[in-house]
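A short worksheet on the structure shown next.
2 protein chains.
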Amino acid sequence: MMVSATTLADKQVNPALAALETPALLLDANKMDRNIERMRARLARHQVSFRPHVKTNKCMQVTQRLLDAGATSITVSTLREAEYFSSHGVKDILYAVSMSPNKLGHALRLRESGVKLAVIVDNVEMALQLNPDRLSAADRLDVLIEIDSDGHRSGVVPEAAALLEIAQALQSVGLEVGGVMTHAGDSYNCRSAAALCALAEQERAAVVRAAQRLRDAGHSCPVVSVGSTPTALFAEHLEGVTEVRAGVFIFFDLVMAGIGVCSTDEIALSVLATVIGHQKEKGWTLTDAGWMAMSRDRGTSKQPVDQGYGLVCDIAGQPLGHMLMVDANQEHGILAPRSGSTLDAPYLPVGTQVRILPNHACATAAQFPAYQVLDAQQRVTDCWPRFYGW
Amino acid sequence: MMVSATTLADKQVNPALAALETPALLLDANKMDRNIERMRARLARHQVSFRPHVKTNKCMQVTQRLLDAGATSITVSTLREAEYFSSHGVKDILYAVSMSPNKLGHALRLRESGVKLAVIVDNVEMALQLNPDRLSAADRLDVLIEIDSDGHRSGVVPEAAALLEIAQALQSVGLEVGGVMTHAGDSYNCRSAAALCALAEQERAAVVRAAQRLRDAGHSCPVVSVGSTPTALFAEHLEGVTEVRAGVFIFFDLVMAGIGVCSTDEIALSVLATVIGHQKEKGWTLTDAGWMAMSRDRGTSKQPVDQGYGLVCDIAGQPLGHMLMVDANQEHGILAPRSGSTLDAPYLPVGTQVRILPNHACATAAQFPAYQVLDAQQRVTDCWPRFYGW
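From first to last, the protein sequence lines are chains P and U.
The first sequence runs 1 to 390 under our numbering.
The second sequence runs 1001 to 1390 under our numbering.
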């Protein structure tokens, strides 16, 4: 495939888009809205409530679209996210990383300020430190116990003695068990719809079993929470589950496309980059989007189709066939045909703008202070700020 | 090796350090100052001027230490860096990524505002677009030609016909050749002092030869600029070179330690993390510093000693022997003994704080909005802001 300067110039491209200084983070709002609707419809069918994970977007305007679609609560990965979103009016927040002693004061301040903040624990040591002696009943944290449903990272397995020990530890410091939660992070390693369905069921069964053990032992367990984008979209039923968390579905990315959860055309996020040079003998096109823009995430490297640092599209968002971002320096990207491709690299003149679809939306978006928002006609309609840090 | 809670509690740890909410980016100012002095002394011996690369630090207080050590000019990787540092009084700036048409207006505005901004090109297409018709002589950009000294990314090789063609293109739009520059990025792949010395000489010889060809063709070529931390520290002589750029030396990191440029004890940057749980059967310790804190950089994965996502130290900064951060989720880190280690993982109670040395200082620092600055007694003395974005 050859893409000439003329071909690119012929395309109707919004002047504001072409004039953006690069690298820039582009968000196709139309695709985002479709992705939200897909998840909303899916969860409505299961009759569970939706507590979207906003760690992916870290932006009030994006989160507002989730609230507009019916979400009334959110999941966060940092207390800074909790601070930010609660200051914008979102008051029902689950902080889904195990609580630690040095964050407890901060969490309690959020709770005292009127945030219905829930935290999680997966060990007795921490459960015993959640002592709310100095707090009124209203100020006490909701506490969920984290369940390990797939060996992926944290949590206690449903049959563990520790599950009931944690519940007893909470009781000993005057707290009720608020519920159980799990995250089937291993879903990112699934390679088929059947595997995703099976893992979704494993996730559901684990957390429902843990809830049952707690209830059998006399504990309340009102919340039964699961969540990952792949399992949320592929679960056949969610019996016994009360809420679902998921985050990356809102943008999707190449890792999600690689496991069959979306098509590349549904990816709402891309990085606009400009061609700054060539190494013609090597078939390289150099751009001004390096790893600082794309992140160092190489999440597709273990998938059947390795997408390098990202899949290269023209400025209108159409993939340039076999072109990948194959390597990265801090502010330099190297584009070249996919390994094994027998096609020549298209010649993209200096100044040509391309869009690069990211491996991992959470990681790429985190590198930027703002989204350049595009409508369905690919016009730049807005600039939405993101925050970062802890 | 066993590290008990008692052992850790016995250590004299500054209360302000222990109280930091985590993850936090720690900067040992004493080590930084020693690293700066090492580079200063090395370059003074070569009688070349120093134009440090501030893409690593993106912080005025850190850059001020470089100015205090005698630097009068800087290198940047983005125009945002140029904006920021020039607004803080640094006026002699080289933007060391090939200029592109959509950044030209921004670069000229900086120049017109009184910044002595130099840019680089490595192709005729862009050289012809640097037309300064509308500008007074004083407002014209200094332009260096980028030389490819090691096949690593951009630039023209010293013997290329393109070298003189670019010089002629500049001349045709009324610009002088401001000089030549190169970056021996391949130095990161060196594995011995001898290889580093050889690559430093290759870098020097390439750029000096390019300058000679330009001068032989009647062009001026006042600036002859080289730079990478490894070659800057290992060059045996720099005859014909006028200035050196280097950035990561100020903090150092595990990649630099892996190629023998520094010891791990000289690394000035670390991430403070807190233990949030365990998976005891797997030997895992979980922390609240995931890839969002460390970055996804796995730069040591191709080195003889793979350091995972980072080398784990106690809160005082002493390595915990064989412990690495072996895996990462967004806000979860997994610590475990180095692969092949027969030692047990030390038991680090929930709440224990550890420091993790990064693979790549530029990438890890970029994840944080600020440095927590430590003095030689590991007391938190200051908080220095960083910026990000483009």
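Beta carbons are placed, not taken as given, at the ideal position from N, Cα and C, and that holds for glycine.
Given a cut-off of 8 Å on the beta-carbon distance, is the pair residue i and residue j in contact?
{"i": "Lys55(P)", "j": "Ser87(P)", "result": "no"}
{"i": "Ile93(P)", "j": "Ser113(P)", "result": "no"}
{"i": "Asn14(P)", "j": "Val380(P)", "result": "yes"}
{"i": "Gly1260(U)", "j": "Gln1303(U)", "result": "no"}
{"i": "Ala1363(U)", "j": "Arg296(P)", "result": "yes"}
{"i": "Val115(P)", "j": "Ala82(P)", "result": "yes"}
{"i": "Ser154(P)", "j": "Ser98(P)", "result": "yes"}
{"i": "Gly1179(U)", "j": "Val1223(U)", "result": "yes"}
{"i": "Ala1044(U)", "j": "Arg1245(U)", "result": "no"}
{"i": "Asn250(P)", "j": "Ile36(P)", "result": "Position check: residue 250(P) holds Ile in this sequence, whereas Asn was assumed. Yes. Within cutoff."}
{"i": "Val1124(U)", "j": "Ala1169(U)", "result": "yes"}
{"i": "Ser1220(U)", "j": "Val1156(U)", "result": "no"}
{"i": "Ala1107(U)", "j": "Val1119(U)", "result": "yes"}
{"i": "Leu1386(U)", "j": "Pro1369(U)", "result": "The residue asked about is misnamed: residue 1386(U) is Arg in this sequence, not Leu. Taking 8 Å as the Cβ cut-off, Arg1386(U) and Pro1369(U) qualify as a contacting pair."}
{"i": "Leu1374(U)", "j": "Pro1346(U)", "result": "no"}
{"i": "Leu1023(U)", "j": "Ala1268(U)", "result": "Here the sequence assigns Pro to residue 1023(U), which means Leu is not the residue at that position. Cβ distance not < 8 Å, so Pro1023(U) and Ala1268(U) don't count as in contact."}
Return the residue from the list the options that minimises the CA-CA distance to residue i.
{"i": "Gly151(P)", "options": "Ile334(P), Ala169(P), Thr182(P) and Glu239(P)", "result": "Thr182(P)"}
{"i": "Asp148(P)", "options": "Gly185(P), Val173(P), Val177(P) and Glu165(P)", "result": "Gly185(P)"}
{"i": "Ile1145(U)", "options": "Asn1102(U), Met1323(U), Pro1052(U) and Ala1210(U)", "result": "Ala1210(U)"}
{"i": "Cys59(P)", "options": "Gln378(P), Leu374(P), Ala366(P) and Gln377(P)", "result": "Ala366(P)"}
{"i": "Asp1253(U)", "options": "Glu1159(U), Glu1201(U), Trp1291(U) and Ala1361(U)", "result": "Ala1361(U)"}
{"i": "Phe1234(U)", "options": "Ala1041(U), Pro1222(U), Ala1293(U) and Tyr1371(U)", "result": "Ala1041(U)"}
{"i": "Pro349(P)", "options": "Leu20(P), Arg140(P), Val177(P) and Lys280(P)", "result": "Lys280(P)"}
{"i": "Gly317(P)", "options": "Ala376(P), Ile250(P), Asn57(P) and Ser172(P)", "result": "Ala376(P)"}
{"i": "Leu17(P)", "options": "Cys383(P), Phe387(P) and Tyr388(P)", "result": "Cys383(P)"}
{"i": "Val1090(U)", "options": "Ala1162(U), Leu1110(U), Ser1136(U) and Ser1192(U)", "result": "Leu1110(U)"}
{"i": "His1291(U)", "options": "Thr1352(U), Gly1310(U) and Glu1176(U)", "result": "It should be pointed out that residue 1291(U) corresponds to Trp in this sequence rather than to His. When only C-alpha atoms are compared, the closest one is Gly1310(U)."}
{"i": "Met1256(U)", "options": "Gly1299(U), Gln1353(U), Ser1225(U) and Thr1352(U)", "result": "Gly1299(U)"}
{"i": "Ser192(P)", "options": "Pro230(P), Met294(P), Gln61(P) and Val143(P)", "result": "Pro230(P)"}
{"i": "Leu1164(U)", "options": "Glu1266(U), Asn1057(U), Arg1065(U) and Gln1212(U)", "result": "Gln1212(U)"}
{"i": "Asn189(P)", "options": "Ser301(P), Leu20(P) and Val62(P)", "result": "Ser301(P)"}
{"i": "His1415(U)", "options": "Pro1158(U), Ile1315(U), Arg1065(U) and Val1226(U)", "result": "Nothing can be reported for residue 1415(U), as the shown portion of chain U is limited to 1001 through 1390."}
{"i": "Ala1205(U)", "options": "Pro1319(U), Gly1389(U) and Pro1158(U)", "result": "Pro1158(U)"}
{"i": "Glu352(P)", "options": "Arg338(P), Gly389(P), Tyr388(P) and Asp314(P)", "result": "Strictly speaking, residue 352(P) in this sequence is Thr, with Glu absent from that position. Comparing Cα-Cα distances from Thr352(P) to each of Arg338(P), Gly389(P), Tyr388(P) and Asp314(P), the minimum goes to Asp314(P)."}
Contact criterion: CB-CB distance below 8 Å. Does residue i meet it with respect to chain U?
{"i": "Asp122(P)", "result": "yes"}
{"i": "Ile276(P)", "result": "yes"}
{"i": "Ala9(P)", "result": "Residue placement at Ala9(P) is poorly supported in this model, since its pLDDT is 43, which falls under 50; the coordinates are not used for a value here."}
{"i": "Cys59(P)", "result": "no"}
{"i": "Leu164(P)", "result": "no"}
{"i": "Asn102(P)", "result": "yes"}
{"i": "Thr72(P)", "result": "no"}
{"i": "Ala19(P)", "result": "yes"}
{"i": "Pro385(P)", "result": "no"}
{"i": "Ser339(P)", "result": "no"}
{"i": "Arg153(P)", "result": "yes"}
{"i": "Ile334(P)", "result": "yes"}
Could you pull out every residue in the same chain whose Cβ sits closer than 8 Å to the Cβ of residue i, ignoring the five residues on either side in sequence?
{"i": "Pro101(P)", "result": "Met126 and Gln129"}
{"i": "Glu236(P)", "result": "Cys197, Ala200 and Glu201"}
{"i": "Ala167(P)", "result": "Ile145, Val177, Leu214, Ala217 and His219"}
Within its chain, find whatever has a CB closer than 7 Å to the CB of residue i; leave out the 5 residues flanking it on each side and keep chain order.
{"i": "Gly1277(U)", "result": "Leu1286 and Val1350"}
{"i": "Lys1103(U)", "result": "Leu1079"}
Quick one: residues in its chain with C-beta nearer than 6 Å to the C-beta of residue i, no 5 flanking neighbours on either side, listed in chain order?
{"i": "Ser341(P)", "result": "His322"}
{"i": "Tyr371(P)", "result": "Leu25, Leu27 and Trp384"}
{"i": "Asn131(P)", "result": "Val173"}
{"i": "Gly1308(U)", "result": "Leu1324, Met1325 and Val1326"}
{"i": "Ser1187(U)", "result": "Leu1199, Ser1228, Pro1230 and Thr1231"}
{"i": "Leu66(P)", "result": "Pro52"}
{"i": "Thr75(P)", "result": "Arg51, His53, Leu94, Ala96 and Arg245"}
Give a yes or no on whether the minimum CB-CB distance between residue i and chain P is below 8 Å.
{"i": "Met1126(U)", "result": "yes"}
{"i": "Ser1228(U)", "result": "no"}
{"i": "Pro1023(U)", "result": "yes"}
{"i": "Glu1331(U)", "result": "yes"}
{"i": "Met1256(U)", "result": "no"}
{"i": "Leu1286(U)", "result": "yes"}
{"i": "Asp1297(U)", "result": "yes"}
{"i": "Pro1015(U)", "result": "no"}
Counting only beta-carbon atoms, is residue i nearer than 8 Å to chain C?
{"i": "Pro369(P)", "result": "In the structure shown, chain C does not exist; the protein chains are P and U."}
How about the stretch 212-223 of chain P and the stretch 262-278 of chain P: do they share at least three Cβ pairs that are nearer than 8 Å?
no
Given 8 Å, three or more beta-carbon pairs between the stretch 1316-1331 of chain U and the stretch 1235-1250 of chain U
no
Counting Cβ pairs closer than 8 Å, one from the stretch 41-50 of chain P and one from the stretch 23-31 of chain P, do we hit at least three?
no
Indicate whether the contact test is met: 3 or more Cβ pairs, each with one atom in the stretch 280-296 of chain P and one in the stretch 329-338 of chain P, closer than 8 Å.
yes
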